[in-house]
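Read left to right, the sequence shown gives residues 698 to 912 (the working numbering). From the three backbone atoms N, C-alpha and C, an ideal C-beta is built for every residue, glycine too.
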Amino acid sequence: MRATAHQVYVVMYTVTADLLARKSNAAAASGEEIATNNHCSTQVSLAMKVSFTVNDQCHTLELDTRTTLLDALREHLNLTGSKKGCDHGQCGACTVILDGRRLNACLTLAVMHEGARVTTIEGLGSPNAMHPMQAAFVRHDSYQCGYCTPGQICSAVAVIDEIRAGIPSHVTADLTAETEATSIEFRERMSGNICRCGAYSNIEEAIAELVGSSP
């Protein structure tokens, strides 16, 4: 027997209503599952312990895994000498020395440096016992506002170590020859440290004095 248009309509309506009901129930169940998962995720701790040596003192901190080394130094160890400038690794104000090499503390996570040795500007010297580079900066008036100075000094100390170790830079002409302490080398190696006051020539003079060369 051929179904009437009314019967076809009733069947289609019933099937559609059933599908919509199933979809609604599935969405509700999914929503509950998502809500449950979200609830669980909020209970997951993002903290992690990390131990490293800062300025010859061992520290163990429990940090959010997203904490940068710079924030760990400033906010958890109260070492505010390292400055937060751009927070994108462009200005160099946050430069510290880690395991003998300089790096931007704003670009690296603290928990990545388990067992590392970190030296900040506070660890280089004090007002009564300045590091030779700090004293050279004073003699050559290598700063004005002073905001970038901690990073400049840490970087300059590492630059001298790099040159003495024979580590070439992007402007080193002969990679097999002894690294020279020249003006172009100083400028290239310090190019990651920005001084908006424009004390670059004075900074170069301070570095040159300690290396024993003329800029």
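For this session: Give a yes or no on whether the C-beta atoms belonging to Leu767 and Thr817 are separated by under 7 Å.
Result: no
Exercise. Can you tell me whether DSSP reads Gln754 as helix, strand or coil?
Worked result: strand
Problem set entry | Every unbroken beta strand (DSSP E) within the stretch 798-873, with a cutoff of 3 residues, ordered by chain | Every unbroken stretch of the beta strand (DSSP E) spanning 3 or more residues and falling wholly within the stretch 798-873 is given here in chain order: 798-801 and 814-816.
For this session: Count the other CB atoms, across all protein chains shown, that sit within 10 Å of the CB of Ile731; report buried if there are 16 or more and exposed otherwise.
Result: Residue placement at Ile731 cannot be trusted, given a pLDDT of 49 that sits under 50; what the coordinates show is reported in the next sentence. Classification for Ile731: exposed.
Exercise. Tell me which same chain residues have a C-beta within less than 6 Å of the C-beta of His828, skipping the five on either side of it?
Worked result: Leu821 and Gly822
Exercise. Do Asn890 and Gln849 have their C-beta atoms closer together than 7 Å?
Worked result: yes
Exercise. Is the stretch 799-817 close to the stretch 867-886, with three or more CB pairs under 8 Å?
Worked result: No: the two stretches stay apart, fewer than three of their Cβ pairs being nearer than 8 Å.
Exercise. Roughly how many angstroms separate the alpha carbons of Val815 and Thr873, rounded to a whole number?
Worked result: Roughly 31 Å between the two C-alpha positions.
Exercise. For Tyr920, which residues of its own chain have a beta-carbon under 8 Å away from its beta-carbon, when the five flanking residues on both sides are left out?
Worked result: In the structure as shown, the chain begins at 698 and stops at 912. Residue 920 is therefore absent and cannot be evaluated.
Problem set entry | Inter-residue spacing [alpha-carbon to alpha-carbon] between Leu743 and Glu859 | 37 Å
Problem set entry | Pair within 7 Å by beta-carbon distance, Ala903 and Phe834 | yes
Problem set entry | Gly863 to Ile857 span [Cα, whole Å] | Per the coordinates, the alpha-carbon of Gly863 lies some 10 Å from the alpha-carbon of Ile857.
Exercise. What are the start and end residues of the beta strand (DSSP E) that includes Ile794?
Worked result: Boundaries of the beta strand (DSSP E) harbouring Ile794: Thr792 to Leu795, taken from the DSSP string.
Problem set entry | When Leu907, Arg861 and Thr762 are compared against Glu811, the one with the closest alpha-carbon | Residue Thr762 is the option with its Cα nearest to Glu811.
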